[in-house]
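Inspection log for the structure reproduced underneath, given as structure tokens.
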Amino acid sequence: MPSAGAVCPPLITPVRRHIPGLATNKIDTTTLIEITTETPDCKIYFTSDGTKPSPFQRKIGGREITFKYKAPFTLKAGKRTLKAVAVTRDGIRESDVMTKQFMVEETGQLSHAETTTDCYSTDDYTSFFDTSDLDTDTTQKTWTSASTVKNRRKPKKSKSPVRSKSPLRSSLRRSPKEAWASSQTFDNFGAEDGRHSPPQPPVPEGPFNPTNYSGTQINVWGAPPGSWPGMNASNGAVTFGVPVPSNPYPTQTGFLTENMISNCNPENRHVTVGDLRQMMNKRPKTIEEPPKEPPKAIELPPPPKDPELSAVSPGNGDFKGNIQHIYAHMLEFAKNNKDFRLRVAEPKIGRMHEAKFEDEGDAYRITLVMGKPGVPRGSLRKPPKVETKPKKPPTPPPSNGKKKKETPPKSDPYFAMETEDLPVEGTMCLRKLNSRVLRGAMKGLGTDEDAITNILAYRSNPQRQEVRVAFKTMYGKDLLEELKSELSGHYLDACKGLMMGPAEFDAYQLRKAIKGLGTDEDVLIEILCTRSNAQIKEIIKTYKTLFNKDLEKDIIGDTSGHLKRLLVSLVQANRSDSKEVDRNKAKQDAKALLDAGEGKWGTDESRFNVILASRSYPQLRATFDEYEKISKKNMVEALKSEMSGDLLRGMLTIVRCVRNKAAHFAYQLQKTMKGLGTDDDTLVRVVVSRCEIDMVQIKEEFQKMTGQTLEQYIADDISGDYRNIILALVVGGPPPNTASKSGKGFVEAVKNKTEEELDEEVRMESEEVQEDPTVKPAENFNAESDAEALRKAMKGFGTDEQAIIDILGYRSNAQRLEIVQTYKTMFGKDLIKDLEGELSGGLKVLCRGLCMSPENFDAMCLNKAIKGLGTDEQVLVEVICTRSNEQIRKFKEAYKTLYGKNLEEHVSGDTSGHFKRLLIGLLQANRDESKEFDRNKAKQDAQAIYEAGEKKWGTDESRFNVILVSRSYAQLRATFQEYAKLANKDIEDTLKSEMSGDLLKGMLAVVRCIRGKASHFATELYKSMKGLGTDDDRLCRVIVSRCEVDMVQIKEEFQKQYKQTLAMFLADDISGDYKNLCFALIGESVPKPAKKEKKGWFS
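Here my numbering is used: position 572 in the sequence shown is 581, and no number is missing along the way.
And the structure:
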């Protein structure tokens, strides 16, 4: 007898009556084999080729070897070895393996009478046996009880007729008939009492499926229980020798099927499947009438009619008639032009800002400017176009039922195969494709990495694949190979990963980890333990296509032990995808895990493998919760105490993904950059594979985990173009438009535009842009109370710096000047001198600048740059080359008032050469500030600059000086366009090749302010903090002078250019009260340090 709690081994029994002189293991091909066990609620698995049954890996090499037993079956002719094992419902306990051999002969070849009963063969096992390893249904009860088996071992002796062939089937290969449709009768054969054979009901021919559509068990002999003499209706088994009366069972179908038949046949009579089909075909097809529209309570007025379409408008001062004429033709044009109709129908349009009516000689041009709801006019600057073709807006869903035109998918379908439908958000934006920009970036000497980054890092994966195809079509070259020849290092690795499909990238990473000497188990764990069933299947398929190798075989050959078993289990892609949670099963699994680990000496790793590799994510969460209740440990702690090495990392990866996949990848990213050095391969792998799935959630989890942003970590750890592309993928958003304002991108864009488009671009850039400051006037301002608070903060021992910051950092310049005057009136002291006496360092420089007017502050900076030995030319460039005519006049007067000397004389005495001429020219404040421009004059100036620089030996700097100092910003924008078309080179590149030193800095400052003042000052702030140390004077100058002008735009440009926020840069570079005041002036709050938890799932 088995021990308490064990599982009884199954019994393998041929279902037939005893034949004297015939061995029990000798049967024919029609004899049914029954497997039973005395342990209730068990599943039985068996093999027919002599191999040991494996309930948890039933398929090997794609072929099913281990079958799940559900009903008696037959065997093919030959020597057959059956092995069976019983497994409990929860899969934790199993019995010993029972083995039995049979000599199976063809029907009619046995010397003694054979049993004949309907059966099915293992030839067609794929349609009968359940092939799911994750079946959670309870095992159906076996057909015979132990007493039946016992009685069958001692049959009543009786003489049986000898038959040469079973009458139940004319051929095993005959196609099966309908189970209940039969008109034939049995021959006199079956259970007899020794004197005569009782009459028997008709039985159909052919094999029958023993499970009906509702999944409930029915008998396999094709007749209702009790209709055969000798059939025991209580358990469905057949006994011989004693006839029993017929049982009045209405049908052999299950409960659900019986209800279905009853509903189909109201008369409740017994029908066959054929009758049901005929009845269903005869049922008239009813056509549902559409619901009638309810009567309207209020009669609405009829919709307005479209204006009449006429060939000529009325004119003669009838403006209404002319507008209606335009409206009618616009409607007609929209009806006939799909692109125009879709573009107009998509956005919500606000009120009209302006309208122009122009006579072009042969036609009239009407230009309308309509507002965007919620966007003030002039708040956004229209970026210059890169492509010649206009970008189409997203097509709205059609309302007339027509099939809409297919558009590129928003993201690759591979990303939709995540394990669970959790709310995720990637950082990729969908942008229009342009292969020509990439070609231009790699053509000729050198490579424009910024242009490559702006294309690859801001496109979705399907768009990048379209770029790759278009590139090969246009230039006959593979874009991936071109990138390999132009790029190097980890920047190349990131670009290669972006150019591959997601499944291709994963397959490539797995092959790279396996190929060659040694194996990178971390890569195998990271990919296989974090992907869903559908994604793993796609990876296996792609791996086979790319490398002509089987991924499972490669894993088996390169790994060993329990890690190999874990990875092979995951490669089967058989994890349950159910969202349902069985709390009882979770408790059983938790108990099994406890018994396999902490509850025993040593560890049963296979039990962890079974549960972690097969259960669904919701089920595993419930299991982990139950485990913590009974173990007082979380699953991570339990795994760390029981396992080690690669197996531990694999198990932990699964557990952490079950708990929070975004947090797991945040943890992986932290590990790649923690300590000395960077694991660049893992960094690239994680960022490339997750940027279109859940990078936003990963960034949030990273900040919770480390107290710092992911962007900060990346910026501190890597550098160069590699850093730029990784930050672009992490930050997301629209690509920076600097490439289209300067450099090769600007040249290519200008060459592909008409003069009308260029003129429109200049007009858009010359419009007044509403500047957005970060320091605004305080409400309920009281100069006396502020002055009193400042005096109190500086009086006595020590200084209350925070009180000073709370006042100076949150008042406008006019309010601060009023505070300075009130302070002197109330206390007879100069506030600036008191601040200088109490403060130090960058905080003192900031507070001094905040207490001065803008013109006095500029004059002070210029005097400081000129006074003493040497001259700080950088300050002269920053102040003089970036101010307007009015600002220059004001700080010249302030300089004269404060220092009693002429600024122009000081500049002339401290500078020399062409740099002096540039500054003196700017100090005249005679630049044309109109918004008008002349395209012909722009062509003349471009020709003059070209002849003064690129076309001649040497450089005529005075010609550059004349044009850059005197022309208006709008005129210079048009000149830069014409120069790019003429010289095939950007003006900034020409300046860099023709000039150097302070003159080059001054010229570039003028050009960059013309193209974008906010972008120029963002660059200045970056330079003040770049490298070792901080240029506090430059940092304070920019912040004080721009915080009430355009600091919001400067912050936006800073993030676009450097992939980090200005606040992040400041937090890394300065500290203390100096940092707090800077944060107040740029409109940011000081970040609070995050509390790190020492213990948890990701400790």
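Each residue gets a CB set at the ideal place from its N, CA and C atoms; glycine is no exception.
Hey, how far is the Cα of residue i from the Cα of residue j?
i	j	result
residue 116	residue 103	36 angstroms
residue 101	residue 54	14 angstroms
residue 733	residue 691	17 angstroms
residue 155	residue 652	Its pLDDT being 39, under 50, residue 155 is placed unreliably by the model, and the measurement read from it follows with that caveat. Distance between the alpha carbons of residue 155 and residue 652 is about 44 angstroms.
residue 59	residue 700	50 angstroms
residue 22	residue 65	25 angstroms
residue 917	residue 1012	18 angstroms
residue 741	residue 532	26 angstroms
residue 892	residue 1078	28 angstroms
residue 511	residue 1058	36 angstroms
residue 1039	residue 805	32 angstroms
residue 1022	residue 927	19 angstroms
I need the DSSP call for residue i, collapsed to helix, strand or coil.
i	result
residue 769	helix
residue 903	helix
residue 328	helix
residue 27	coil
residue 725	helix
residue 72	strand
residue 82	strand
residue 108	strand
residue 355	coil
residue 1091	coil
residue 614	helix
residue 547	helix
residue 702	coil
residue 37	strand
residue 720	helix
residue 103	strand
residue 964	coil
residue 1001	helix
residue 854	helix
Using the DSSP secondary-structure output, state which residues sit across from residue i in a beta bridge.
i	result
residue 21	44
residue 87	113
residue 54	77, 94
residue 378	363
residue 373	368
Going by the beta-carbon positions, is the gap between residue i and residue j smaller than 9 angstroms?
i	j	result
residue 623	residue 574	no
residue 507	residue 473	yes
residue 1060	residue 1092	yes
residue 1015	residue 973	yes
residue 554	residue 528	no
residue 378	residue 363	yes
residue 993	residue 829	no
residue 38	residue 113	yes
residue 958	residue 914	no
residue 711	residue 678	yes
residue 823	residue 786	yes
residue 997	residue 751	yes
residue 92	residue 62	yes
residue 986	residue 778	no
residue 1008	residue 956	no
Considering only residues of the same chain and omitting the five flanking positions on each side of residue i, which have a CB-CB separation below 8 angstroms?
i	result
residue 697	503, 506, 507, 514, 738
residue 477	487, 488, 489, 508
residue 319	334, 337
Which same chain residues, not among the five before or five after residue i, have their C-beta less than 6 angstroms away from its C-beta?
i	result
residue 978	1019
residue 588	627
residue 1070	1064
Note down, in chain order, each residue of its chain lying with its Cβ closer than 7 angstroms to the Cβ of residue i, except the 5 sequence neighbours on either side.
i	result
residue 487	481
residue 631	590, 592, 595
residue 681	687, 688, 691, 692
residue 831	792, 793, 796
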